[in-house]
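J.: Using the numbering used here, you'd call the opening residue of the sequence shown number 29 and step up by one each time.
Don't be surprised by glycine CBs; every beta carbon is placed ideally from N, CA and C.
The structure that follows is given in the form of structure tokens.
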Amino acid sequence: AEACGELFGVDVGLKWPNDLVPRPDDRKLAGILAESASGPDGVSAVAIGMGLNANGPLPPEVRGTAVTLHELTGAPVDREELLIAALLRVDDLFDQVTTPAVAVRYRRLSATIGREVRVELEGGDLVAEAVDVDEDGHLLLDPGTGDLVPLAAGDVVHLRPA
């Protein structure tokens with residue numbers, strides 16, 4: 029998100045839990061996937077992958093929900109320059125991953141906090157305001173009942189602009 033802003037002047041936010049979306053456009057620009065391997069002593073390795081829509085063209089069936097940097101900026105994207113900038117941000121984050129600074133950074137970049145969302149759960153949909161992300165990465169939802177609902181996983185749909 030930060031690399032897109034610095035290199036291309038595009039305001040990109042983090043859509044919980046793992047998407048990058050331009051603001052206020054809200055179409056998917058990138059997705060991040062993390063897989064962990066556990067051993068007897070806990071997590072032993074984490075593999076992180078990211079797919080970013082740089083230049084396109086996008087298939088017709090996703091054009092309403094996805095976007096490319098080329099479309100946002102009107103110019104072709106140098107993918108090598110983008111990769112280097114993104115890897116530098118990831119390297120910087122590794123030094124901060126267990127500090128409060130990461131949570132502050134995440135909240136600043138969040139495109140979900142402060143939004144009305146619909147969460148698609150196995151038992152049905154929940155409509156609530158996304159109010160925060162806790163120290164474990166759970167999205168904290170306020171459904172208007174007086175209690176916050178922590179969400180560890182689920183499909184989140186933004187319902188209204190921030």
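1) Under DSSP, the alpha helix (DSSP H) around V118 begins and ends at which residues?
2) Going along the chain, which residues of its own chain have a beta-carbon closer than 6 angstroms to the beta-carbon of V159, five neighbours each way excluded?
3) The alpha helix (DSSP H) that contains L100, what's its start and end?
4) Where does I76 land, buried or exposed, given buried means 16+ other C-beta within 10 angstroms?
5) Give the DSSP-derived three-state secondary structure of A82 in the structure shown.
6) Just confirm the distance between the C-beta atoms of L57 and L97, as a whole number of angstroms; I'd bet it's less than 8 angstroms.
7) Considering only their Cβ atoms, is the gap separating A31 from A114 smaller than 8 angstroms?
8) Can you give me the Cβ contacts of R146 inside the same chain, cut-off strictly under 8 angstroms, excluding the 5 residues immediately before and after it?
9) As a quick exercise: from D164, V125, E157, N46, pick the residue whose alpha carbon is nearest that of D175.
10) Classify L149: buried if its beta carbon has 16 or more other beta carbons within 10 angstroms, exposed otherwise.
11) Please look up how many angstroms separate the CB atoms of L110 and V38, rounded, as I've assumed it's under 8 angstroms.
12) Residue range of the alpha helix (DSSP H) that P128 falls in?
13) If distances are taken between C-alpha atoms only, which option among G79, V74, G92 comes closest to N46?
14) Quick one: Cα of G172 to Cα of A180, how far?
15) Once you ignore the five residues that flank V71 on each side, which residues in its own chain have a CB closer than 8 angstroms to its CB?
16) Where A131 and D162 are concerned, what is the direct C-alpha to C-alpha distance, given to the nearest angstrom?
17) With distances taken Cα to Cα, identify the nearest neighbour of G59 among P52, D69, V40.
T.: Reading it off the structure:
1) Counting along the chain, the alpha helix (DSSP H) containing V118 begins and ends at 107-122.
2) L168, D170
3) 97-101
4) Result: exposed.
5) coil
6) 7 angstroms
7) yes
8) D153, L154, V155, V184, V185, L187
9) For the residues D164, V125, E157, N46, the minimum Cα distance to D175 belongs to E157.
10) Burial call: exposed.
11) Their Cβ separation, rounded to whole angstroms, is 11 angstroms, which puts L110 and V38 out of contact at 8 angstroms.
12) 128-137
13) Cα-wise, what sits closest to N46 is G79.
14) 19 angstroms
15) Closer than 8 angstroms at Cβ, skipping near neighbours: S64, A65.
16) 8 angstroms
17) V40
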